[in-house]
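**Student:** Quick one: the structure is below, questions incoming.
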Amino acid sequence: MTDELPANCCTPTIAEYDGTTDPPEHLSRFENAALLHRYTDGIKCRVFITTFARAAQQWFNQLPVGAIGSFQEFQSLFLHQFASSQKLRKIELSLFVVRQKDNEPLNKYLQRFNVVVLEVPSATQEVKVSAHNDFWMGTSSSP
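When we follow the UniProt record's numbering, the leftmost residue of the sequence shown carries the number 1, and every step to the right adds one.
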């Protein structure tokens, strides 16, 4: 990419990507920063590599010259290369398998449950309530 870096161009302040974390999340953070800084396609390509470390930097260094023609192409190559590091998305059923552990205080269980709720943005209020009701039904004692 031959786009000139503007004099006031600054690199985004996002965590480096080393190949071990979720690539779509890293890409999303970079895209948000690129939007804020109004990077052109070419500048995105040049700045994106500055967010790489270790395995990601090694991967980029071995790419043949001219392998990247656009940022969209760069994204595709990046996501394909690090697909095995992609975090598995939780589904609504994940809420129903969160159980209170033996001797676990209720507040600790609720904290864990709430973390899972945050990881399932598609969960409706009804599903969340149902998962909680499922928990409470399991705690009731029979006379």
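No residue lacks a Cβ here, since even glycine has one placed at the ideal position from N, Cα and C.
Owing to the predicted nature of the structure, the values given are computational and were not obtained by experimental measurement.
What distance in whole Å lies between the Cβ atoms of P23 and L79, which are believed to be in contact at a cut-off of 8 Å?
**Tutor:** 6 Å
**Student:** For V116 and Y17, I'd like the C-alpha separation in whole angstroms.
**Tutor:** 24 Å
**Student:** Going by beta carbon distance, what residues of the same chain come within less than 7 Å of Q72, once the five residues before and after it are set aside?
**Tutor:** none
**Student:** Quick check: I14 and T51, are their CB atoms within less than 8 Å of each other?
**Tutor:** Yes.
**Student:** Would you list the residues sitting across from Y39 in a DSSP beta bridge?
**Tutor:** Partner(s): none; Y39 has no beta bridge.
**Student:** Between the segment 91–111 and the segment 31–51, can you find at least three pairs of beta-carbon atoms closer than 8 Å?
**Tutor:** no
**Student:** Considering only residues of the same chain and omitting the five flanking positions on each side of K44, which have a CB-CB separation below 6 Å?
**Tutor:** A34 and F71
**Student:** Could you pull out every unbroken alpha helix (DSSP H) segment of at least 4 residues lying fully inside the segment 62–125, listed in chain order?
**Tutor:** 71–81 and 106–118
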